[in-house]
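Enquirer: What the sequence shown shows, in the numbering used here, is residues 21 to 603, in sequence order. We treat Cβ as the ideally placed atom computed from N, Cα and C, and that holds for glycine. Take a look at this one; I'll ask things after.
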Amino acid sequence: MRPPVAHDHPQTGALRARPRLHAPAPGWSIAADVVVVGSGVAGLTAALRCEAAGLTTVVVTKARLDDGSTRWAQGGIAAALGDGDSPEQHLDDTLVAGAGLCDEEAVRILVTEGPDAVRRLIATGARFDESAEGALELTREGGHHRRRIAHAGGDATGAEISRALVEAVRARGMRTIENALVLDLLTDADGRTAGVTLHVMGEGQHDGVGAVHAPAVVLATGGMGQVFSATTNPAVSTGDGVALALRAGAEVSDLEFVQFHPTVLFLGPEAEGQQPLVSEAVRGEGAHLVDADGVRFMAGQHELAELAPRDIVAKGIMRRMQEQDAEHMYLDARHFGAEMWEHRFPTILAACRAHGIDPVTEPVPVAPAAHYASGGVRTDSHGRTTVPGLYACGEVACTGVHGANRLASNSLLEGLVYAERIAADIAGGRSTLRARVPQPLPQSDRPAHPLLPPEARFAIQRAMTRGAGVLRSAASLAEAADRLHHLHAEARDALDENGKTAEPGVDTWEATNLLCVARVLVAAALRREETRGCHWREDRPERDDAAWRRHIVVRLNPDRSLAVRTTDTTDFPPTLPPQAQEQ
21 MRPPVAHDHP QTGALRARPR LHAPAPGWSI AADVVVVGSG VAGLTAALRC EAAGLTTVVV
81 TKARLDDGST RWAQGGIAAA LGDGDSPEQH LDDTLVAGAG LCDEEAVRIL VTEGPDAVRR
141 LIATGARFDE SAEGALELTR EGGHHRRRIA HAGGDATGAE ISRALVEAVR ARGMRTIENA
201 LVLDLLTDAD GRTAGVTLHV MGEGQHDGVG AVHAPAVVLA TGGMGQVFSA TTNPAVSTGD
261 GVALALRAGA EVSDLEFVQF HPTVLFLGPE AEGQQPLVSE AVRGEGAHLV DADGVRFMAG
321 QHELAELAPR DIVAKGIMRR MQEQDAEHMY LDARHFGAEM WEHRFPTILA ACRAHGIDPV
381 TEPVPVAPAA HYASGGVRTD SHGRTTVPGL YACGEVACTG VHGANRLASN SLLEGLVYAE
441 RIAADIAGGR STLRARVPQP LPQSDRPAHP LLPPEARFAI QRAMTRGAGV LRSAASLAEA
501 ADRLHHLHAE ARDALDENGK TAEPGVDTWE ATNLLCVARV LVAAALRREE TRGCHWREDR
561 PERDDAAWRR HIVVRLNPDR SLAVRTTDTT DFPPTLPPQA QEQ
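Structural data, given as structure tokens:
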């Protein structure tokens, strides 16, 4: 259970002095009750529920409405929907995968509210695969002891969910701003949320830097996979929501727990950017992990073999690669036959064939790649952060559900369930939901937050991949920290010497956001001197519950230094007291 809620947010004066991205002053503004930043399952669900409650809602998204991470989700959405399954069994599997750091209350909310949330998603228009008898087809993935993964289009679940939610948003005529990179949080004189600044790219009703004024902001910006050289995340996943929250004074938690998906199509050692995912559902249907000699190396390492939790499978693959000095392992599903591949996994089959690999006749080369951030902006059970009026849900948030390692296909469910809870909380506080007057943005020739040049993005990614990837150690993390500090200092020193910074623009804002989240991730990974979940320290190979069954919380100070603390207990930290949310 969560401890009694304590007042834990920064004082107003500190909030007013928060660093901001260097950007032109907003040239236009619109007003709303709620602004939702992000258009995946979490963002669009929150927006639809807020709109249905009569709240004027604006959706801001970085690309097109259907271009977020949700669209790329292959496996499915986990919920206790099958015969013989129960929320309690789903809870048990989630707690095991989370390696002792899940917040049990948060998980219980997820698994008990999840089935009905999925049914509401179906009522919204999402069409999941069904058997000839009309029942949902359910499959298994790693860490699940039962078939509870609902899927659509074989391996195109995210695309179907995105389609249904986008159609629902458009059918309601909801106001949306596409191709818009969110910049910073606006606050009023009391430090409460008053909206966001954003930059709209390209032609449209608005262009350039503007603002949406709203007393409630919902961050649903997805992940930060682009902080590494190779990832399953789309190009838009540059940690913008976490960076914005940090600059606004919010706290983040558990950011060291980045899940590396075990089976990503290996395209060569120099491959960078978004890489094709080979869904865990392929193993759920009976594919085997083998080495170059065809030996199944996961058998005997865990009771579930290839279906062990993702951190265990990723470690198993990396160990075998080290033993054999190999760049990848193989996923063998030749026994599926052409018909099953074409019916059950058409997206993966097409991706493999596009790269010259035919899974019907040959094993698929795979290796781990950055996939999912289990940590993020920390929230309570209603999605409230440590900044009054600022909410977070989906991958950008740390609700306590995932702990040290996300259970497969819990991510779509978490986005769905907690988005609904956020909408209910905002609607329930309608009487106190009044317009806030944003504090004037500081006007200065010497901006408080210098921008990095675009090429710094690649330096960040290389440093993170070498030092903070699947295999970490004190030495590798220290090297990454030094490189990131050097990039940070270069930008700071250039500003100190001549008052100049890189030109404001999408590339420089993204690079600056990536550096912000990379610094926090490395600081947390250095602090956690153990191996737990998807945080694997080669120099600290054992799990240490006595010292480290607790959370690491980070805040960005006004001078852009990091304040890192470790909680005193295993309880998930509180956010704001109710009275602070209602003022």
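From the DSSP output, in three-state form, read off E150 for me.
Expert: Locating residue 150 in the sequence shown gives position 130, counting from the first residue. Strand.
Enquirer: Is DSSP giving V540 helix, strand or coil here?
Expert: Start at 1 with the first residue of the sequence shown, and residue 540 comes out as number 520. The answer is helix: DSSP assigns V540 an H, G or I state.
Enquirer: Could you check which residue in E415, E271 and L156 has the C-alpha nearest to that of A439?
Expert: Numbered from 1 along the sequence shown, position 419 holds the residue referred to as residue 439. Measuring from the Cα of A439, the nearest candidate turns out to be E415.
Enquirer: Measuring alpha carbon to alpha carbon, tell me which residue in H508, D204 and A143 is nearest V55.
Expert: Working through the sequence shown from its first residue, we reach residue 55 at position 35. That would be D204, whose Cα lies nearest to the Cα of V55.
Enquirer: Counting C-beta neighbours from all protein chains within 10 Å, is the total for D565 16 or more, i.e. buried, or is it exposed?
Expert: Position 545 of the sequence shown, counted from the first residue, corresponds to residue 565. With fewer than 16 Cβ atoms within 10 Å of its Cβ, D565 is classed as exposed.
Enquirer: Three-state secondary structure (DSSP) at Q294?
Expert: For the purposes of this step, residue 294 is taken as the residue at position 274 of the sequence shown. It is a strand residue.
Enquirer: I'd like to know whether the C-beta atoms of D559 and A494 end up nearer to each other than 8 Å.
Expert: Numbered from 1 along the sequence shown, position 539 holds the residue referred to as residue 559. Numbered from 1 along the sequence shown, position 474 holds the residue referred to as residue 494. Taking 8 Å as the Cβ cut-off, D559 and A494 qualify as a contacting pair.
Enquirer: Could you compute how far the alpha carbon of A328 sits from the alpha carbon of R339?
Expert: By 1-based counting over the sequence shown, the position of residue 328 is 308. By 1-based counting over the sequence shown, the position of residue 339 is 319. Roughly 15 Å between the two C-alpha positions.
Enquirer: Put E602 into one of helix, strand or coil per three-state DSSP.
Expert: Within the sequence shown, the letter at position 582 stands for residue 602. With a pLDDT of 48 at E602, under the threshold of 50, the modelled position of this residue cannot be trusted; read the value that follows with caution. Helix.
Enquirer: Skipping 5 residues on each side, what residues in its chain have a beta carbon closer than 6 Å to that of T590?
Expert: Looking up residue 590 in the sequence shown gives position 570. Contacts found: R569 and R570.
Enquirer: Let me check understanding here. Comparing Cα to Cα, which of D87, R585, A152 and T528 lies closest to A544?
Expert: Start at 1 with the first residue of the sequence shown, and residue 544 comes out as number 524. Here the closest residue by C-alpha is R585.
Enquirer: Using a Cβ distance threshold of 8 Å, determine whether the stretch 497-515 contacts the stretch 474-484, with at least three qualifying pairs required.
Expert: Taking 8 Å as the limit for Cβ pairs, the verdict is that the stretch 474-484 does touch the stretch 497-515.
Enquirer: For M349, does the three-state DSSP call read helix, strand or coil?
Expert: Start at 1 with the first residue of the sequence shown, and residue 349 comes out as number 329. M349: strand per DSSP, three-state reduction.
Enquirer: Measuring alpha carbon to alpha carbon, tell me which of M244, A98, C554 and T159 ends up nearest L130.
Expert: Here residue 130 is taken as the residue at index 110 of the sequence shown, counted from 1. Per the Cα distances, A98.
Enquirer: Using alpha carbons as the reference points, say which of A72, G230, L471 and G162 lies closest to E326.
Expert: Counted from its first residue, the sequence shown places residue 326 at position 306. When each option's Cα is compared against that of E326, the closest is G162.
Enquirer: Note down the Cα distance separating A538 from Q246, rounded to an integer number of angstroms.
Expert: As a first step, residue 538 must be located in the sequence shown, where it is residue number 518. As a first step, residue 246 must be located in the sequence shown, where it is residue number 226. Distance between the alpha carbons of A538 and Q246 is about 10 Å.
Enquirer: When the distance is taken between beta carbons, is T528 closer than 8 Å to L461?
Expert: Here residue 461 corresponds to residue number 441 of the sequence shown, with the count starting at 1. Here residue 528 corresponds to residue number 508 of the sequence shown, with the count starting at 1. No, the Cβ-Cβ distance between L461 and T528 is not below 8 Å.
Enquirer: Taking C-alpha atoms, which residue in A514, A567, L497 and E562 lies nearest to V540?
Expert: For the purposes of this step, residue 540 is identified with residue 520 of the sequence shown, where counting begins at 1. For the residues A514, A567, L497 and E562, the minimum Cα distance to V540 belongs to L497.
Enquirer: I50 by DSSP, collapsed to three states: which one?
Expert: Start at 1 with the first residue of the sequence shown, and residue 50 comes out as number 30. I50: strand per DSSP, three-state reduction.
Enquirer: Nearest-angstrom Cα distance between T76 and G449?
Expert: Stepping through the sequence shown from its first residue, residue 76 is reached at position 56. Stepping through the sequence shown from its first residue, residue 449 is reached at position 429. So the two alpha carbons sit approximately 14 Å from each other.
Enquirer: Nearest to R575 by alpha carbon, out of L535, L266 and G304?
Expert: Walking along the sequence shown from the start, residue 575 turns up at place 555. Checked all of L535, L266 and G304; the closest Cα to R575 is L266.
Enquirer: Can you tell me the Cα-Cα spacing of R454 and G215, whole angstroms?
Expert: In the sequence shown, the residue the question calls residue 454 occupies position 434. In the sequence shown, the residue the question calls residue 215 occupies position 195. Approximately 12 Å, taken between the alpha carbons.
Enquirer: Classify E434 as buried or exposed, calling it buried when 16 or more other Cβ atoms lie within 10 Å of its own Cβ.
Expert: Translated into positions along the sequence shown, residue 434 becomes position 414. When all chains shown are included, E434 counts as buried.
Enquirer: Going by C-alpha distance, which of S49, H110, E180 and V229 is nearest L367?
Expert: In the sequence shown, counting from the first residue as 1, residue 367 sits at position 347. What sits at residue 367 in the sequence shown is Thr, not Leu. Of the candidates S49, H110, E180 and V229, the one whose C-alpha sits nearest the C-alpha of T367 is E180.
Enquirer: DSSP on S429, reduced to helix/strand/coil?
Expert: Residue numbering aside, residue 429 sits at position 409 when the sequence shown is read from its first letter. In the structure shown, S429 sits in coil (DSSP, three-state: anything other than H, G, I, E or B).
Enquirer: How about A389 and T177: do their beta carbons lie closer than 8 Å?
Expert: The residue given as residue 389 occupies position 369 in the sequence shown. The residue given as residue 177 occupies position 157 in the sequence shown. Not closer than 8 Å, so no.
Enquirer: Who are the Cβ neighbours of M360 in its own chain at under 8 Å, not counting the five residues just before and after it?
Expert: Here residue 360 refers to the residue found at position 340 of the sequence shown. Closer than 8 Å at Cβ, skipping near neighbours: E305.
Enquirer: In chain order, what residues of the same chain lie with their CB nearer than 8 Å to the CB of L546, ignoring the 5 residues before and after it?
Expert: Looking up residue 546 in the sequence shown gives position 526. Cβ neighbours of L546 beyond the five flanking positions: A494, L497, A498 and A501.
Enquirer: Tell me R84's beta-bridge partners as DSSP assigns them.
Expert: Reading the sequence shown from its first residue, position 64 is the one you call residue 84. DSSP output for R84 lists no bridge partner at all.
Enquirer: Suppose only complete runs of 4+ residues qualify. What are the alpha helix (DSSP H) ranges in the stretch 146-215, listed by chain order?
Expert: Correct list: 177-191.
Enquirer: Taking 7 Å as the cut-off, does the CB of L534 come closer than this to any heavy atom belonging to the ligand COA?
Expert: In the structure on display, the ligand COA does not appear, and there are no ligands present to speak of.
Enquirer: Please state whether the Cβ-Cβ distance between Y411 and G243 is less than 8 Å.
Expert: On the sequence shown, residue 411 is found 391 positions in, with the first residue counted as 1. On the sequence shown, residue 243 is found 223 positions in, with the first residue counted as 1. In this structure, G243 does not lie closer than 8 Å to Y411 by Cβ.
Enquirer: Drop a sphere of 10 angstroms on the beta-carbon of R466, count the other beta-carbons inside from all chains shown, and report buried for 16 or more, exposed for fewer.
Expert: Indexing the sequence shown from 1 puts residue 466 at position 446. Confidence at R466 is low in this model, with a pLDDT of 47, below 50, so the placement of that residue is unreliable and no value is reported for it.
Enquirer: Rounded to the nearest angstrom, how far is the Cβ of A567 from that of R69, given a contact under 8 Å?
Expert: Taking the first residue of the sequence shown as 1, we reach residue 567 at position 547. Taking the first residue of the sequence shown as 1, we reach residue 69 at position 49. That pair is no contact at about 41 Å.
Enquirer: With DSSP collapsed to three states, give me the class of L287.
Expert: Against the sequence shown, residue 287 aligns to sequence position 267. In the structure shown, L287 sits in coil (DSSP, three-state: anything other than H, G, I, E or B).
Enquirer: Leaving out five residues before and five after D175 in sequence, what residues of the same chain have Cβ atoms less than 6 Å from its Cβ?
Expert: Walking along the sequence shown from the start, residue 175 turns up at place 155. Here the set comprises Q94, S299, F365, T367 and I368.
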